[in-house]
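Visitor: The opening position of the sequence shown corresponds to residue 16 in our numbering, with each subsequent residue numbered one higher. All residues carry an ideal CB built from backbone N, CA and C; glycine is no exception. Here the structure is a predicted model, which means the values were calculated and not measured. Take this structure, written in structure tokens, and hold onto it; I'll ask about it next.
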Amino acid sequence: MDSVNTTPPLIPRPESLRVLDGHFAIGPDTGVRGPDDIAELARELLGAHGSGSEIELTLTDDPALGAEGYRLAITGDGVRAEAAAPAGLRWAVQTLRQLAREGRLPRVEITDRPRFAWRGSLLDVARWCHPLPFLYKYVDLLALHKLNTLHLHLTDDQGWRFEVKRYPRLTEFGGFRTGSVVGHNREGRENDVPHGGFYTQDELRDLVTYAARRGVRIMPEIDAPGHMQAAIAAYPWLGNDPDRQLPVRVRWGISKHVLNTAEGTVEFVRQVLDELTDVFPFEYVHIGGDEVPPDEWAVSVDAGRRIAAEGLDGPERLLGWWAGQLAAHLGKLGRRAAVWDELIEQGVPEGAAVFAWRGVDRVELATRSGIDVVAAPEEFTYLDWAEADGPDEPLAIRHGLPLDKVHGFRPLPSVLGVQGQLWSEYLPTTDLVEWRAYPRLAALAEVGWCAGERDFPDFADFHARLTGHLPLLDALGVRHHPVAPLGQG
Ligand code: TNX
């Protein structure tokens, strides 16, 4: 079959693409020249280990290409890619990876660059500790779709996954839960599933290095002062009733047990952040701030003193105070804080970015006040929701986020970018994570890459390319959700 002038199934769709007649054959004898680490990546991903220079990757100083743009020309003789920064060349390599089929690259000319600088994916490894090799695969798939940020949700009520040398009980005790978690089968029965695990700092450092080679930055999250029951279980002096030994939480939902407001507790989180920033070099560190019930603070004598000392007008204000303490510490470390959108009411710390999750209205509210915002509204980006309800669907926290709805999301032009969330309460296995992530994360990648003033591909256009893209996902062993024929979603 001759495939002259058929559009190659690239996701996200490049800004401009010209398809020419003919192919360039690639194989093990094809050689790659370019900056060392990127050429190495290209050899590995394209299986091109020759000594020649048929594929040439070049850094130029063309400002039009921006921080992540690239130009790519595939001729009958070889491949030329240029970019103004390493990130652009890395994306050019991913484009080649998507174009390569049966040892051939179609002749094309591409100029490409992303619309939004932040194209992320949150993975919750706190509720279920997904194995380290899966995190590598997950990062590789983000890069394949030119998603540049992995938001790693490392701590929550049900488990603490980040090794802290100064506080070993966080992982030794807080990393494991006994007993049962409600409802991760369709019947919603209580299953007795003891579960636990954690990642060492060295393991995470290696993951950071692997991701960086692929142009993926990792933003770690330590969620405070709520969602901290695992830490309080490990060190009861962090809680509001230091004499009470809490278990690592075995149910989902919101725990009312939050950090106390003692100076020693603030210092504890600062020390955790010191070790965290030593492992994760990315500018942003997420400090949480979501779903913090003020119940315990409302009755605590110590919290009452803190409220008076800080001149706050109620216990719920302690959330803003907490975030301010941690953001200031991150500032001293040369980093920036990221927080959930609950801080819009309680005071977003100076210089922090807000992750707006409670609907597009929150995105708008935050951008209007001039705050840096990552659009993560649940109705478009909560990929832990099922696409639709149905007898074959595994149990999900909610349903009703089909593929075309994700692809139809149009973030405000003023946001930093977009992010898809995979909370893992109902994703106990890596197969389920992939089932929820793909292909919707590919649709969101296209939103983040293309949704701007420029002409955005409609769903039928995306769907047609996706059909050609799925064999690549299958070849990579991705257990993705099936894609309904167009019009039958
Ligand atoms: C709310 S979104 C949470 C998470 C849950 C999620 C379930 C956010 C900032 N907090 O703790 O996992 O809902 O969908």
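Given this structure, state the Cα-to-Cα distance separating E202 from P309, to the nearest angstrom.
Guide: Within the sequence shown, residue 202 is the residue found at index 187, counting from 1. Within the sequence shown, residue 309 is the residue found at index 294, counting from 1. Any reading at E202 is ruled out, since the residue's pLDDT is 46, under 50, leaving its predicted position unreliable.
Visitor: Tell me whether the stretch 87-106 and the stretch 395-412 touch, counting them as touching only if at least three CB pairs, one residue from each stretch, are closer than 8 angstroms.
Guide: no
Visitor: State yes or no: is the C-beta of R469 within less than 8 angstroms of the C-beta of E30?
Guide: Translated into positions along the sequence shown, residue 469 becomes position 454. Translated into positions along the sequence shown, residue 30 becomes position 15. Cβ distance < 8 angstroms, so R469 and E30 count as in contact.
Visitor: Please name the residue, chosen from A466, A458, T444, that lies closest to R425 on a Cα-to-Cα basis.
Guide: To locate residue 425, count along the sequence shown from 1; it is residue 410. Looking at the Cα atoms, A466 is the closest of the given residues.
Visitor: Starting from E59 and walking both ways along the beta strand (DSSP E), at which residues does that stretch end?
Guide: On the sequence shown, position 44 is the one that residue 59 refers to. Where E59 is concerned, there is no enclosing beta strand (DSSP E), although the alpha helix (DSSP H) it sits in stretches over 51-61.
Visitor: Is the beta carbon of G432 less than 8 angstroms from the beta carbon of L358?
Guide: In the sequence shown, residue 432 corresponds to position 417, counting from 1. In the sequence shown, residue 358 corresponds to position 343, counting from 1. No. Outside cutoff.
Visitor: Would a C-beta distance cut-off of 8 angstroms place L350 and E290 closer than the cut-off?
Guide: As a position in the sequence shown, residue 350 is number 335, starting the count at 1. As a position in the sequence shown, residue 290 is number 275, starting the count at 1. In the sequence under discussion, the amino acid at residue 350 is Arg, which differs from the Leu named in the question. It is not a contact, given that the beta carbons lie outside the stated cut-off.
Visitor: Does D407 pass the burial test, meaning 16 or more other C-beta atoms within 10 Å, or should it be called exposed?
Guide: Here residue 407 refers to the residue found at position 392 when the sequence shown is read from its first residue. Answer is exposed; the Cβ neighbour count stays below 16.
Visitor: Taking only heavy atoms of the ligand TNX into account, decide whether any of them is closer than 7 angstroms to the Cβ of I412.
Guide: As a working note, residue 412 is residue 397 in the sequence shown. Yes; taking the cut-off as 7 angstroms, the Cβ of I412 has a heavy atom of the ligand TNX nearer than that.
Visitor: For the stretch 416-504, list the alpha helix (DSSP H) runs that are entirely contained and at least 4 residues long, ordered along the chain.
Guide: 418-422, 445-452, 455-465, 474-490
Visitor: In angstroms, rounded to a whole number, what distance separates the CA positions of G366 and H301?
Guide: Sequence index remark: in the sequence shown, residue 366 carries index 351 (1-based). Sequence index remark: in the sequence shown, residue 301 carries index 286 (1-based). Taking the straight line from one Cα to the other gives about 13 angstroms.
Visitor: Going by beta-carbon coordinates alone, are I233 and V223 separated by less than 8 angstroms?
Guide: Locating residue 233 in the sequence shown gives position 218, counting from the first residue. Locating residue 223 in the sequence shown gives position 208, counting from the first residue. Against a cut-off of 8 angstroms, the Cβ pair of V223 and I233 comes out as a contact.
Visitor: Using 8 angstroms as the Cβ pair cut-off and three pairs as the minimum, do the stretch 146-161 and the stretch 253-262 touch?
Guide: The answer is no - the stretch 253-262 does not touch the stretch 146-161, with fewer than three Cβ pairs under 8 angstroms.
Visitor: If you run the structure through DSSP and keep just helix, strand and coil, what is R184?
Guide: One-based indexing of the sequence shown puts residue 184 at position 169. Note: R184 maps to helix in three-state DSSP.
Visitor: Mind checking which residues open and close the beta strand (DSSP E) that includes R119?
Guide: The residue you call residue 119 lines up with position 104 of the sequence shown. 119-127 is the extent of the beta strand (DSSP E) around R119.
Visitor: Anyone know if the C-beta pair for V263 and R192 falls short of 8 angstroms?
Guide: Taking the sequence shown and counting its residues from 1, the one referred to as residue 263 is at position 248. Taking the sequence shown and counting its residues from 1, the one referred to as residue 192 is at position 177. Contact: yes.
Visitor: Do the CB positions of E440 and W312 come within less than 8 angstroms of each other?
Guide: Indexing the sequence shown from 1 puts residue 440 at position 425. Indexing the sequence shown from 1 puts residue 312 at position 297. No, the Cβ-Cβ distance between E440 and W312 is not below 8 angstroms.
Visitor: Any heavy atom of the ligand TNX inside 7 angstroms of the beta-carbon of W450?
Guide: Locating residue 450 in the sequence shown gives position 435, counting from the first residue. Result no, Cβ not under 7 angstroms from the ligand TNX.
Visitor: Give the secondary structure of T170 by DSSP, where H, G and I count as helix, E and B as strand, and everything else as coil.
Guide: In the sequence shown, counting from the first residue as 1, residue 170 sits at position 155. It is a strand residue.
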